[in-house]
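See structure below.
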Amino acid sequence: MSTCMINNTRGNASVTVLVVMFALAVMFTAAAFFMRELVGFYGEVETAADLHTELRAEAVRLIELMTEDPTPEADSYLDPVWSEISFASSAALKIKLEDVSSRINPNQAYDYILNAAHIFESTTTYEAFHDYRVEHGPVLDLAKEYGEFFKKDELSKYCTSYGWFNVNTSNESMLYLLFELRTGKKAEGTLFASRLRQKRTAKELFTAASVKELLGVDLEAVYPFISSEPEINVNLAPRAVLFTVLTVGKNVYKVPLKDGLVDDILAVRMGSEITAEGLTNLIRPKFRTTIMESYLGVTTWFWRLTLEKNGRRYRCVFARLPALPGEKDDTPRFRIVEETFGPAAPETEADNATEEIPGGE
0 MSTCMINNTR GNASVTVLVV MFALAVMFTA AAFFMRELVG FYGEVETAAD LHTELRAEAV
60 RLIELMTEDP TPEADSYLDP VWSEISFASS AALKIKLEDV SSRINPNQAY DYILNAAHIF
120 ESTTTYEAFH DYRVEHGPVL DLAKEYGEFF KKDELSKYCT SYGWFNVNTS NESMLYLLFE
180 LRTGKKAEGT LFASRLRQKR TAKELFTAAS VKELLGVDLE AVYPFISSEP EINVNLAPRA
240 VLFTVLTVGK NVYKVPLKDG LVDDILAVRM GSEITAEGLT NLIRPKFRTT IMESYLGVTT
300 WFWRLTLEKN GRRYRCVFAR LPALPGEKDD TPRFRIVEET FGPAAPETEA DNATEEIPGG
360 E
């Protein structure tokens, strides 16, 4: 009996040793696997950080190149930055530059511009939309915040949330909201409100000089968020947007404009950059001192730059800062206002909404 018991004890001990050894082996294997994973993870983080640095540096280089534009008063596909983007792009590195401000901004647009674009859903009206934007706007993500009011495809085709509010083309309530956001003051009862109403009652347009007077002591806080800078760059705007603005100019504002202006603009910009003087010569018979000067210009105020490499994407939105009212900058000034970095995702309709060839639809 005892021998049997000794043998069982030895057998149990052997099994125990084997179990312990197996457990230790599993632990060491798991630890080694964990260390490899940890090293790999930190390697990926370091690689991603390096790639972020690389792509951002390339973006900054391209933005700096734009400050060296030999024709800084106008932006078009003929500027040197586009050639540089084509040269720098490769199978490994994809670069895309887009004008994201030469559109209609629902945050501030008048009813007749939005109605003329035919972008509202059949179940809503401008009045319902305006009530909503006064309560919730201005917003940055149009699809998320305003999507229920607009046709999805038309929203991405016609609209943007990027841009300075032109004092001559912006709804008064939305101007008040922006003024209040920038200053912390209630607009009602301020000189800003009284000066704005005075000009609008007299049906007079604000110029750079009168914008300076309008903003007064709040100039530093509010400008250029409220300015008299033209909203849309005719060199880069979609045909549909140009058509809408010119139609409103002719039919609502009663500006005497010749027929076929959209086609004239598209034809000219395919071969040359439209300058401020060239735009005046194109918009016939009258452009200067009309509301069209507030809608149409030759400068892009907000750009989006996207760089992709090794499955990662760096994207930034950068703004061109206009000179102070009545002054002029010899060199464009840009400021990055948004940045994202992460895995390159499939492009959406919104991503492609701003792509257009110079004379295209």
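For the sequence shown, numbering that gives the first Met the number 0 begins at 0 and goes up steadily by one. No residue lacks a Cβ here, since even glycine has one placed at the ideal position from N, Cα and C.
{"Asked": "Keeping to the same chain, check which residues put their C-beta closer than 6 Å to that of phenylalanine 340; ignore five residues upstream and five downstream.", "Found": "His51, Tyr313"}
{"Asked": "Is proline 105 buried or exposed, if buried means 16 or more other CB atoms sit within 10 Å of its CB?", "Found": "buried"}
{"Asked": "Would you mind stating whether leucine 278 and valine 297 have Cβ atoms separated by less than 8 Å?", "Found": "yes"}
{"Asked": "Exposed or buried, what is proline 237 when buried is set at 16 or more other beta-carbons lying within 10 Å of its beta-carbon?", "Found": "buried"}
{"Asked": "Which class does isoleucine 62 belong to by DSSP, given the choice of helix, strand or coil?", "Found": "helix"}
{"Asked": "When the Cα atoms are used, what is the spatial distance from leucine 260 to isoleucine 282?", "Found": "7 Å"}
{"Asked": "Expressed to the nearest angstrom, what Euclidean distance is found between the alpha-carbon atoms of alanine 108 and arginine 199?", "Found": "16 Å"}
{"Asked": "May I have a chain-ordered list of the alpha helix (DSSP H) segments no shorter than 4 residues that lie completely inside the stretch 252-325?", "Found": "260-270, 275-281, 291-294"}
{"Asked": "Is leucine 204 helix, strand or coil when you go by DSSP?", "Found": "coil"}
{"Asked": "Is DSSP giving valine 99 helix, strand or coil here?", "Found": "coil"}
{"Asked": "Assign histidine 135 to buried or exposed, taking buried as 16 or more other Cβ atoms, counted over all protein chains shown, within 10 Å of its Cβ.", "Found": "exposed"}
{"Asked": "Short of 8 Å in beta carbon distance, which residues of its chain neighbour proline 342, apart from the five on each side in sequence? Order them along the chain.", "Found": "Gly310, Arg311, Arg312"}
{"Asked": "Measure from the alpha carbon of arginine 132 to the alpha carbon of each residue in Glu171, Val99, Lys156, then state which is nearest.", "Found": "Glu171"}
{"Asked": "Pull up the CB-CB distance for serine 293 and proline 229, whole angstroms please, since I reckon it's below 8 Å.", "Found": "6 Å"}
{"Asked": "For asparagine 361 and arginine 194, what's the separation of their Cα atoms in angstroms?", "Found": "Here the chain has residues from 0 to 360 only, and residue 361 is not among them."}
{"Asked": "Quick one: is tyrosine 161 buried, meaning 16 or more other Cβ sit within 10 Å of its Cβ, or exposed?", "Found": "buried"}
{"Asked": "Would you please state the rounded distance, in angstroms, between the beta carbons of valine 99 and phenylalanine 301? I believe it to be under 8 Å.", "Found": "5 Å"}
{"Asked": "For my contact list, leucine 241 and lysine 249 are in at a C-beta cut-off of 8 Å; report their separation, rounded to the angstrom.", "Found": "Not a contact, Cβ separation roughly 12 Å."}
{"Asked": "From the DSSP secondary-structure annotation, give me the bridge partner or partners of arginine 334.", "Found": "Ala318"}
{"Asked": "In the DSSP assignment, the alpha helix (DSSP H) including alanine 90 goes from what residue to what residue?", "Found": "That residue, alanine 90, is in no alpha helix (DSSP H); it is neither H nor E in DSSP."}
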